[in-house]
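Student: With the UniProt record's numbering, the residue at position 575 of the sequence shown is 575, and numbering never jumps. C-beta: ideal position from N, C-alpha, C; glycine also.
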Amino acid sequence: MEFSIAPAVGSHLDPGDTNSGLAIEGPRGECITTPSQSQALAREGIQKASSTLSLPVHISTDGNLDERCLSLPTADMLTAHDFSINVSPLADHLLHFDATNWLLDENFVDVGGGDFNWNEPHDIHDQPSSGLSHLPFARENNNSPAVLDLGPVWYVQVHSTVHDIPDDSHGVGRQVINAMRGEIDEIYRTNMDEELRAPLRNDPLPSIDFLNLCIHLFFTRSNIALPLIHGPTFKPSVNNILVVLTMCCTGAMTMMSDKATRIGLTLFERIIKSGNGRSWEKRLSGEPHLMRETIKGAIIGQNFAILSSDPAHRTIADAYLGSLISLGRHVKLFAEFPEVDVPDTISPEELLKAWKQWVLHEEMKRAAVTLHIHDAEIAALFHHEPIFRHPARRLPIIAPADLFRAPTATIWATKYRAYRKSQQQQAGLQPNEASLGSHERVRPQNCGFEGNISNPSMFNSWAALSGIGASISESRGLNLLSSQRIIDLEADLVRWYSSNTNCCRAQHCWKGKQPELPFCLKPLWHHTFMTLAVDLDLLGLASGRQGSKISATIQAQVGAWISSADSKRCLLHALCLQTLVASTTIDSAVANHTARILFSVALCWYCYLLYLPWSTASSPSNASMSLDETFEYLMGLPEFRLLREERCPSGPFPNILGQAISDLKRILRANTAEMKASTLCVLESTLRRLGTNGISRQFADIIQAFVTGETQ
Numbered sequence: 001m002e003f004s005i006a007p008a009v010g011s012h013l014d015p016g017d018t019n020s021g022l023a024i025e026g027p028r029g030e031c032i033t034t035p036s037q038s039q040a041l042a043r044e045g046i047q048k049a050s051s052t053l054s055l056p057v058h059i060s061t062d063g064n065l066d067e068r069c070l071s072l073p074t075a076d077m078l079t080a081h082d083f084s085i086n087v088s089p090l091a092d093h094l095l096h097f098d099a100t101n102w103l104l105d106e107n108f109v110d111v112g113g114g115d116f117n118w119n120e121p122h123d124i125h126d127q128p129s130s131g132l133s134h135l136p137f138a139r140e141n142n143n144s145p146a147v148l149d150l151g152p153v154w155y156v157q158v159h160s161t162v163h164d165i166p167d168d169s170h171g172v173g174r175q176v177i178n179a180m181r182g183e184i185d186e187i188y189r190t191n192m193d194e195e196l197r198a199p200l201r202n203d204p205l206p207s208i209d210f211l212n213l214c215i216h217l218f219f220t221r222s223n224i225a226l227p228l229i230h231g232p233t234f235k236p237s238v239n240n241i242l243v244v245l246t247m248c249c250t251g252a253m254t255m256m257s258d259k260a261t262r263i264g265l266t267l268f269e270r271i272i273k274s275g276n277g278r279s280w281e282k283r284l285s286g287e288p289h290l291m292r293e294t295i296k297g298a299i300i301g302q303n304f305a306i307l308s309s310d311p312a313h314r315t316i317a318d319a320y321l322g323s324l325i326s327l328g329r330h331v332k333l334f335a336e337f338p339e340v341d342v343p344d345t346i347s348p349e350e351l352l353k354a355w356k357q358w359v360l361h362e363e364m365k366r367a368a369v370t371l372h373i374h375d376a377e378i379a380a381l382f383h384h385e386p387i388f389r390h391p392a393r394r395l396p397i398i399a400p401a402d403l404f405r406a407p408t409a410t411i412w413a414t415k416y417r418a419y420r421k422s423q424q425q426q427a428g429l430q431p432n433e434a435s436l437g438s439h440e441r442v443r444p445q446n447c448g449f450e451g452n453i454s455n456p457s458m459f460n461s462w463a464a465l466s467g468i469g470a471s472i473s474e475s476r477g478l479n480l481l482s483s484q485r486i487i488d489l490e491a492d493l494v495r496w497y498s499s500n501t502n503c504c505r506a507q508h509c510w511k512g513k514q515p516e517l518p519f520c521l522k523p524l525w526h527h528t529f530m531t532l533a534v535d536l537d538l539l540g541l542a543s544g545r546q547g548s549k550i551s552a553t554i555q556a557q558v559g560a561w562i563s564s565a566d567s568k569r570c571l572l573h574a575l576c577l578q579t580l581v582a583s584t585t586i587d588s589a590v591a592n593h594t595a596r597i598l599f600s601v602a603l604c605w606y607c608y609l610l611y612l613p614w615s616t617a618s619s620p621s622n623a624s625m626s627l628d629e630t631f632e633y634l635m636g637l638p639e640f641r642l643l644r645e646e647r648c649p650s651g652p653f654p655n656i657l658g659q660a661i662s663d664l665k666r667i668l669r670a671n672t673a674e675m676k677a678s679t680l681c682v683l684e685s686t687l688r689r690l691g692t693n694g695i696s697r698q699f700a701d702i703i704q705a706f707v708t709g710e711t712q
């Protein structure tokens, strides 16, 4: 820690006064008075030792340079021995500081009228208290924080509410001649005719080579992250043209090229307009065989819209989800599918027919599960209630990955018979489902076979975990997130983690080679606990999503959260999540939720940083628990007890909780710049490293605004 020469408390240093003593501020703010110059001249040895302290370097308690560092010595005060390298024993231990102590303070210098005006020094006793919310870097500030207007760069479109929209009954272009009688004229009729003409673009499609490349990227990237389409039996046909087009725009989105991204966006918008011109409701009776293709194409397009770089596309996904779920209900998409019988004596022709029939059923099962995942994802993106009642719904059981990817009918038949046999064996071992938590609403599934029959489907596990998050969104939106409800949801999350539905129970997940899903679900588990500890919608408003004017109510709620132990619970989960994702090799296939949950972590840190000085000044110094008391409380929470008791030495992250605890303690004691470097900057770079969809780059741009304070 560095030190400075400063005027003694209650006095002003006169460079010409040889009897003036000097007050050295120690690393904890204590005042160490040095001998006056006349006393130093009488004692030669002390003079040499203390002379090295004459350069004015002052470090405030938050590790930033203070304005007193600019109290430059006069020429009369400097002598030859001032530049000696000898250091007194008193100063020796103070010189062992780290580089963070060199960070600049916003009050370092005022520039006005072309001249540098040195700021007045602070009272050395004005130090923040040692309470949890009064951490060393937090300078108390009674003024409300300056908030950016992030609406123009937000990841969803920020709309005016129906309460704020002005009356436009006499809008431009709508000429009503006989308005008093409510009648229309020929001009208005012409406007009506133009309104019914859908504007369609007739741009040529990309080349065949580019379209084939996009289809290849869809199957090797998008369909790996969200396995919906059965690759071995898929063939382009007249009946699935829109499916192929949505596959193309999804594959184009996975490229890093801006041109490819633009092609994908344009193609998606043309598909939407073309699809709107078709009456799917008539297909329910006239062309029922096409409904499967309609559902698959709509779900692929839905996934594209969720991950698109255009916020308007996410609005489309939110609006169309209800229609797609309604369509699924009409065609019994969520009902139980019959099993396909494959006897040993089946002929090759009948086997091929049975295989294709099973594929159709399996794709529809996966479509139903995907709709549940999308429902939870959209509810989280827009901070509203989900459409499904996730805790009460039984999801269809998804077949294991090896069975779904079987390249031929013969190989499929062998695996399918083994799979059915394992199902029958496990059916008699199932526990009473009435005793299971809501997260186990899906029957335990033998996702493996041939000696590996105990692992459930990770696709079902993903949907179950997403469903818990959707239940939190529903309870919060309906104002039903009571203390007892939180306890119940905590129990669901703990049971999910402790059961075979946890992907990390499989050795393949530890090695990063999960055959069914190429990603780990543990980051989503940590994020779901975060949503129990904070209202992310509230933080979005407090960060400037709806503009820079933040209401006093929102500020008070954020301040209360910062002062509470819930904020530290949230941030500890955030660090676990951040470390898990940042330490994982990012492959071409990334979970849909990865970018969103990383941004949620950044949002929590940003609001904590932004409102902490104001919260510190607004709340009493004894209003919060101490840091040690808070961590003792955190370690008693069910999820952290579970992680501490877990013994997984062969896993890739055996001590992730211990590392997160150490990092959180260090960050909470750090200054603002170090906090940003350890959190926001890491999260931004991780999101840019994903680089496989537009929303990750958009999230990274918002975090860049968090860091720089500019929206460009």
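(1) According to the neighbour-count rule (16 or more other Cβ atoms, all chains shown, within 10 Å of its Cβ), is residue 498 buried or exposed?
(2) Excluding the five sequence neighbours on either side, which residues of its own chain have a C-beta within less than 6 angstroms of the C-beta of residue 406, listed in chain order?
(3) With contact counted as at least three CB pairs below 8 angstroms, one residue from each stretch, are the region 375-382 and the region 347-360 in contact?
(4) Please classify residue 359: does DSSP put it in a helix, a strand, or coil?
(5) Taking the alpha-carbon of residue 205 as reference, which of 268, 597, 158 has the nearest alpha-carbon?
(6) Could you check the C-alpha separation between residue 726 and residue 706 for me, to the nearest Å?
(7) According to the neighbour-count rule (16 or more other Cβ atoms, all chains shown, within 10 Å of its Cβ), is residue 345 buried or exposed?
(8) Using CA atoms only, rank isn't needed, just tell me which of 638, 547, 548 is closest to residue 494.
(9) For the structure I just gave you, are there three or more beta carbon pairs, one from the region 677-695 and one from the region 568-587, closer than 8 angstroms?
(10) Spell out a yes or no on whether the region 460-471 and the region 369-376 are touching, meaning 3 or more CB-CB pairs, one atom from each, closer than 8 angstroms.
(11) Between residue 225 and residue 613, how many whole angstroms is the CB-CB distance? I'm expecting something under 8 angstroms.
(12) Can you tell me whether residue 676 is helix, strand or coil according to DSSP?
(13) Measure the alpha-carbon distance for residue 299 versus residue 457 and round it to whole angstroms.
(14) Identify which residue in 608, 550, 520, 529 has its Cα closest to the Cα of residue 562.
(15) Is the CB-CB distance between residue 734 and residue 596 below 8 angstroms?
(16) With 8 angstroms set as the bound, which would you pick, yes or no: does the beta-carbon of residue 338 sit closer than that to a beta-carbon of chain C?
(17) Exposed or buried, what is residue 396 when buried is set at 16 or more other beta-carbons lying within 10 Å of its beta-carbon?
(18) Check for me: the alpha helix (DSSP H) holding residue 522 runs from which residue to which?
(19) Would you check if the region 222-238 and the region 358-374 touch, i.e. whether three or more CB-CB distances between them fall below 8 angstroms?
(20) Taking the continuous alpha helix (DSSP H) assigned at residue 230, which residues delimit it?
(21) Secondary structure at residue 345, three-state DSSP: helix, strand or coil?
(22) On a Cα-Cα basis, can you pick out the residue from 642, 590, 599, 655 that is closest to residue 227?
(23) On the three-state DSSP scale, how would you describe residue 711?
(24) Tell me which residue opens and which closes the alpha helix (DSSP H) that residue 219 is part of.
(25) Grouping DSSP H, G and I as helix and E and B as strand, with all else coil, what is residue 154?
(26) Is it buried or exposed, residue 527, if we count other Cβ atoms within 10 angstroms and call 16 or more buried?
(27) Let me know if residue 666 comes out buried or exposed under the rule of 16 or more other beta-carbons within 10 Å of its beta-carbon.
(28) Among residues of its own chain, excluding the 5 on either side of residue 478, which ones have a beta-carbon nearer than 8 angstroms to its beta-carbon?
(29) Does the region 256-270 come within contact of the region 305-322, defined as at least 3 CB pairs closer than 8 angstroms?
(30) Among residues of its own chain, excluding the 5 on either side of residue 522, which ones have a beta-carbon nearer than 7 angstroms to its beta-carbon?
(31) Please classify residue 466 as buried or exposed, where buried requires at least 16 neighbouring CB atoms within 10 angstroms.
(32) Reducing DSSP to helix, strand and coil, say where residue 580 ends up.
(33) On the criterion of 16 or more Cβ atoms from any shown chain inside 10 Å, does residue 398 qualify as buried, or is it exposed?
(34) Determine the contact status of residue 287 and residue 243, defining contact as a CB-CB distance below 8 angstroms.
Tutor: Straight from the coordinates:
(1) exposed
(2) 412, 415
(3) no
(4) helix
(5) 268
(6) Only positions 1 to 712 of the chain appear in the structure, and residue 726 is not among them; the question remains open.
(7) exposed
(8) 638
(9) yes
(10) yes
(11) 41 angstroms between Cβ atoms; not a contact.
(12) helix
(13) 20 angstroms
(14) 608
(15) Nothing about residue 734 can be read from this structure; the chain reaches only from 1 to 712.
(16) The structure shown contains no chain C, having only a single protein chain.
(17) buried
(18) 522-533
(19) yes
(20) Counting along the chain, residue 230 falls outside any alpha helix (DSSP H), and DSSP gives it neither H nor E.
(21) coil
(22) 590
(23) coil
(24) That residue, residue 219, is in no alpha helix (DSSP H); it is neither H nor E in DSSP.
(25) coil
(26) buried
(27) exposed
(28) 385
(29) yes
(30) 504, 580
(31) buried
(32) helix
(33) buried
(34) no
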